Structure formats: structure tokens, C-alpha cells
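A short worksheet on the structure shown next.
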Amino acid sequence: MFSAKSVENALMNQGLILNVGLFSFNIQSSIRSLSHNVTTLYQDYPDGFSEDRARFIDFHICVEPPNLWHKYYKGQVQFFSDGFAPFTPLPYQHAPAIIEWGMNWCVSQLINTHLIIHAAVIEKNGFAAIMPAPPGSGKSTLTASLVQEGWRLLSDELTLIRIDNYQVSPFPRPISLKNQSINVIKQRYPDVVFGIESTDTSKGTVVHIRPPKLSIELQGVECPVAWVIFPKYEEDAETELTIKSKAKSLMDVADNSFNYSRLGVIGFDVLKNIIEGADCYQFRYSQLDEAIDAFAALELPQ
Amino acid sequence: MNLNYCLTSVVSLAHWGKETVIYHHGSATTHVINDVPSEVFALVFSGKIFSDRDFSASIDKGLPELTQQEKGNYLSILKKQLLVIELIEII
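Protein sequences, first through last, are from chains P and F.
Everything in the first sequence is counted per the numbering used here, starting at 12 for the first residue and increasing by one.
Everything in the second sequence is counted per the numbering used here, starting at 195 for the first residue and increasing by one.
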């Protein structure tokens with residue numbers, strides 16, 4: 012296991028190589044809070060902090076102030092991928108969140124071997140449940156709870172579906188929690204390891220939690236999709252799992268996809284096959300216990 | 195008037211019950227159309243030029259239970275829908 016000091020040294024020098032799912036990231040940064048967060052959240056990755064510089068690196072990324080003006084006067088840092096900055100500079104204290112958002116950006120914008128959907132995806136009994144939802148739907152809170160209740164985390168943010176065999180490729184990264192969700196998960200699952208909070212971001216307070224160890228150990232194991240579930244948290248709502256039409260489900264998944272348009276008809280064929288083979292539901296909930304029970308009761312494919 | 199129409203581009207389809215999802219290769223757009231009988235889609239997606247009369251005949255076959263008035267209304271709405279999403283064009 013890498014120590015905090017060795018992670019910090021690697022980040023400040025040649026870079027820290029992090030292998031997550033199918034992808035290798037080389038991360039550089041001189042920001043101490045980021046180094047602390049990476050050590051906390053990624054230390055369980057079995058093939059994670061690698062020193063093997065001979066292997067192919069998919070993404071060379073860094074978080075640094077873009078110049079001295081931003082560093083000393085504005086107190087801002089910026090995310091770079093191969094020298095390109097997709098986001099504007101943000102406050103220094105947001106660095107732990109910026110690196111996670113940046114890693115999402117790399118995969119969602121630059122990978123076309125998979126159909127990429129803005130959705131959480133979890134697995135049980137060899138089958139995946141995809142949960143596409145816009146921000147504020149309670150997707151991450153639900154995901155964080157379900158993975159503490161026996162579901163395997165494949166991804167909290169990006170569902171990657173291979174275009175050649177329609178299987179989900181795991182990309183298990185720390186789960187992002189925001190605002191009230193943070194305390195909900197802290198109280199329900201006191202053993203969950205939290206990273207550093209980034210306050211006053213555009214999304215409010217953001218913190219990432221360490222994924223379960225088993226999800227990381229199985230990050231090479233792909234699986235087919237059995238369920239497409241559109242979750243929606245609504246205060247005081249009764250738990251309700253209702254069948255959603257396949258056509259509407261296809262359209263809504265396409266709307267939540269990053270590269271459906273880029274893939275053209277290949278994207279359509281992937282989605283058609285996924286929706287064809289899956290049970291599609293709209294899911295409304297307010298009580299996590301009931302939501303967990305509803306997921307446990309999902310029927311396995313015949 | 196008996197206008198002629200043709201499909202504007204190759205399409206890919208997914209059918210689930212009465213719902214059809216259409217991926218239009220030319221514009222890379224996806225559309226859902228509900229409650230269209232297979233006879234009508236067979237005509238529209240045949241790749242051949244078809245006329246208003248062909249359209250009416252396909253509706254006669256696909257929806258024989260409708261009255262002439264209902265068939266006329268249905269044809270008018272469907273045609274407008276297919277033209278608006280630029281799946282077919284008048285030639």
C-alpha cells in the first residue's frame with residue numbers, strides 16, 4: 012500500500028498512476044488537500060497506485076493554478092487534461108472535487124468504445140441496474156446506500172456500455188455526495204470513509220466516499236443489463252416502482268448519454284439492445300429503507 | 195390533390211408493441227411514433243416513392259375499423275407529424 016507521503020511525492024513529481032476500470036490516469040498536482048483525498052479514497056485499488064510507467068496511460072491530468080496571478084491573487088486552480096483546460100479556474104479548496112469532475116470529463120468526452128450514460132450503475136447476482144437521472148434526483152444517495160447493502164458499485168456517475176457486446180464495463184470510483192445527502196449517509200453507515208468536503212461549489216457542499224473494497228476488486232468483471240430504473244427522490248413520496256414504456260426509456264437514456272449523438276447509429280443499436288433486454292421502471296421514493304427493499308425485490312431475468 | 199412523398203434518409207427502427215422508435219441516419223435524430231400500424235410503416239420505410247393514395251390504402255389495410263372520416267383525420271395528423279420531423283418530404 013502506498014503511504015500518504017509517497018502519494019504526495021508521486022503527485023508532485025512524475026505523477027501518480029491510477030488504474031480505474033479500463034483506464035489509466037497519470038495525475039499530477041502540488042495541492043496537498045488533493046493528495047490527502049486521493050490517498051484516502053483510492054488506497055484500496057489493488058492495481059491502483061502503480062509505478063509501472065511502461066504501460067499505456069489513457070489520460071495525463073493535473074490540477075494546478077494556471078498561472079501566478081490565479082495562484083497568489085485569485086487563489087484558484089484549474090483542471091488540465093493533456094494540457095487542455097475544459098473548465099474555468101475554481102477556488103483552491105475545491106481541488107479534491109475538481110479532480111473527480113475532471114476524471115469524469117475525460118471519460119465522458121474522450122471515450123467512444125462505449126456508450127456512456129450519465130447514470131449510476133450497480134450489480135447483483137450478475138446483472139446490472141442502470142439508474143439514469145438528472146442532478147437532484149437522489150441517485151447518488153440511493154447508490155451509496157445500495158452498495159452498502161450488498162450491491163456492487165460499477166459506477167456512480169458514468170455507465171459504460173461496450174458497443175461490441177452491450178456489457179457494462181465497471182468504472183468504480185468514489186461516490187459523490189452533496190449537501191443533505193452527506194449527513195444521511197454518515198448517520199446510516201458510520202463505517203463509510205469520507206474524503207475532504209469541498210464547500211461552496213456550484214453544487215453546494217460536495218464530498219466523495221470510498222467505494223466498497225469488493226467493488227474495486229471486481230472492477231474487471233463486466234455484466235449484462237437487466238434493469239433500467241429512473242429514480243426520483245420526492246419528499247414524503249410513497250415508494251413506487253412503475254413500469255416505464257420502452258420507447259420512452261430509450262429516449263430518456265439517450266437524453267442522459269454523453270456520446271449517443273457522436274456514435275450515431277451504433278449508439279442507437281446499443282440502446283435498442285439494452286432496452287430490449289431490460290425491465291424499465293420509473294422509481295419514486297422518500298424512504299431509503301423502502302427503496303432498498305424495492306431493489307432487493309427486483310425480479311431476475313429468466 | 196395526390197402528392198408524392200419519399201423517405202429523406204435511411205432509418206433504423208425499434209418496435210415495442212404500439213411504440214416505434216426511429217433513428218434517422220441523415221439527421222442523427224431519434225423519434226418516437228405511437229399507434230402506427232405496420233402496413234403504414236411498411237409503406238413509409240419501403241424506400242420507394244409513395245403517394246397520398248398509397249398512404250390512404252395502407253391506412254385502409256392497417257386500421258380497417260376506422261370510419262372514412264377518422265381515416266382522413268388520422269392520415270392528416272400522421273403526415274404532418276412525419277413531415278415536421280423531416281422523416282419524409284414532398285417531392
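The beta-carbon is built from N, C-alpha and C at its ideal position, and this holds for glycine as well.
Model, not experiment: these values are computed from the prediction.
Minimum length 4: unbroken alpha helix (DSSP H) runs contained in the region 187 to 271 of chain P: DSSP runs (the alpha helix (DSSP H)) wholly in the region 187 to 271 of chain P: 191 to 199, 224 to 228, 257 to 266.
Can you list, in chain order, the residues of its chain whose CB lies under 6 Å from that of F205/P, leaving out five sequence neighbours each side? As a first step, residue 205/P is located in the first sequence; it is residue number 194 there, counting from the start. Exclusion of the five residues before and after F205/P leaves V218, I220 as the residues of its chain whose Cβ lies within less than 6 Å of its Cβ.
According to DSSP, is P102/P helix, strand or coil? For the purposes of this step, residue 102/P is taken as the residue at position 91 of the first sequence. In this structure, P102/P counts as strand in the three-state DSSP scheme.
Once you ignore the five residues that flank V276/P on each side, which residues in its own chain have a CB closer than 6 Å to its CB? Counting from one through the first sequence, the residue named residue 276/P turns up at place 265. Cβ within range, chain order: n/a, list empty.
Verify the CB distance criterion: does E280/F have a CB-CB separation below 9 Å to chain P? Taking the first residue of the second sequence as 1, we reach residue 280/F at position 86. Among the CB atoms of chain P, none fall inside 9 Å of the CB of E280/F.
What does DSSP give as the partner residue(s) for T1/P in the beta ladder? With chain P running from 12 to 313 in the structure shown, residue 1/P is simply not present.
Please check if any C-beta of chain P sits within less than 9 Å of the C-beta of V238/F. Here residue 238/F corresponds to residue number 44 of the second sequence, with the count starting at 1. Output row for V238/F: interface = no.
Need the endpoints of the alpha helix (DSSP H) that V18/P sits in, please. What you label residue 18/P is simply residue 7 of the first sequence in a count that begins at 1. In the DSSP annotation of this structure, the continuous segment of the alpha helix (DSSP H) that includes V18/P starts and ends at 15 to 23.
Nearest to C73/P (by Cα), restricted to the options A108/P, Y56/P, L52/P, Y84/P: Here residue 73/P refers to the residue found at position 62 of the first sequence. Here the closest residue by C-alpha is A108/P.
Taking the alpha helix (DSSP H) that L277/F falls in, what are its first and last residues? Here residue 277/F is taken as the residue at index 83 of the second sequence, counted from 1. From DSSP, the alpha helix (DSSP H) with L277/F extends over 262 to 278.
Identify every run of the beta strand (DSSP E) within the region 146 to 182 of chain P, keeping only runs that are complete inside it and at least 3 residues long; order them along the chain. Taken in chain order, the whole beta strand (DSSP E) runs of length 3 or more contained in the region 146 to 182 of chain P are 163 to 166, 169 to 173.
Indicate the three-state DSSP secondary structure (helix, strand or coil) for S119/P in the structure shown. As a working note, residue 119/P is residue 108 in the first sequence. Note: S119/P maps to helix in three-state DSSP.
Return the residue from the list D304/P, Q298/P, K224/P that minimises the CA-CA distance to K243/P. On the first sequence, position 232 is the one that residue 243/P refers to. The residue among D304/P, Q298/P, K224/P with its C-alpha nearest the C-alpha of K243/P is Q298/P.
Mind reading off the beta-carbon distance from A139/P to V179/P? Whole number of angstroms is fine, and I expect it under 8 Å. Stepping through the first sequence from its first residue, residue 139/P is reached at position 128. Stepping through the first sequence from its first residue, residue 179/P is reached at position 168. Between A139/P and V179/P the beta-carbon gap is near 5 Å, inside 8 Å, which marks them as a contact.
If you draw a straight line from the C-alpha of A106/P to the C-alpha of V88/P, how long is it? For the purposes of this step, residue 106/P is identified with residue 95 of the first sequence, where counting begins at 1. For the purposes of this step, residue 88/P is identified with residue 77 of the first sequence, where counting begins at 1. So the two alpha carbons sit approximately 7 Å from each other.
Using CA coordinates, which residue listed in F95/P, Y103/P, E75/P is at the minimum distance from G86/P? The residue labelled residue 86/P in the question sits at position 75 within the first sequence. Out of F95/P, Y103/P, E75/P, Y103/P has the C-alpha closest to the C-alpha of G86/P.
Per DSSP, what are the beta-bridge partners of V132/P in this structure? Along the first sequence, read from residue 1 onward, the residue named residue 132/P stands at position 121. Note: V132/P sits in a beta bridge opposite I141/P, S166/P.
Where does L201/F sit, in a helix, a strand or coil, going by DSSP? For the purposes of this step, residue 201/F is taken as residue 7 along the second sequence, with counting starting at 1. Three-state result, L201/F: strand.
At 7 Å on the CB atoms, spell out the chain F contacts of A258/P, in chain order. Position 247 of the first sequence, counted from the first residue, corresponds to residue 258/P. Going along chain F in sequence order, the residues near A258/P (Cβ under 7 Å) are W210, E213, V215, V226.
Here's the rule: buried if 16 or more other CB atoms are within 10 angstroms of the residue's CB, otherwise exposed. What is F91/P? If you number the first sequence from 1, residue 91/P lands on position 80. Its Cβ being crowded by 16 or more others within 10 Å, F91/P is buried.
I want to verify the contact list: residues of chain F whose CB lies under 7 Å from the CB of A265/P, in sequence order. Walking along the first sequence from the start, residue 265/P turns up at place 254. Correct list: T224.
Give every residue of the same chain whose Cβ lies closer than 8 Å to the Cβ of S245/F, excluding the five residues on either side of it in the sequence, and list them in chain order. In the second sequence, residue 245/F corresponds to position 51, counting from 1. For S245/F, where only same-chain residues beyond five positions count, the Cβ hits under 8 Å are N196, L197, N198, Y199.
So the beta strand (DSSP E) R295/P belongs to, where does it begin and stop? Position 284 of the first sequence holds residue 295/P. For R295/P, the enclosing beta strand (DSSP E) begins and ends at 290 to 296.
Under a three-way DSSP split, which group does A302/P fall into? The residue labelled residue 302/P in the question sits at position 291 within the first sequence. In this structure, A302/P counts as helix in the three-state DSSP scheme.
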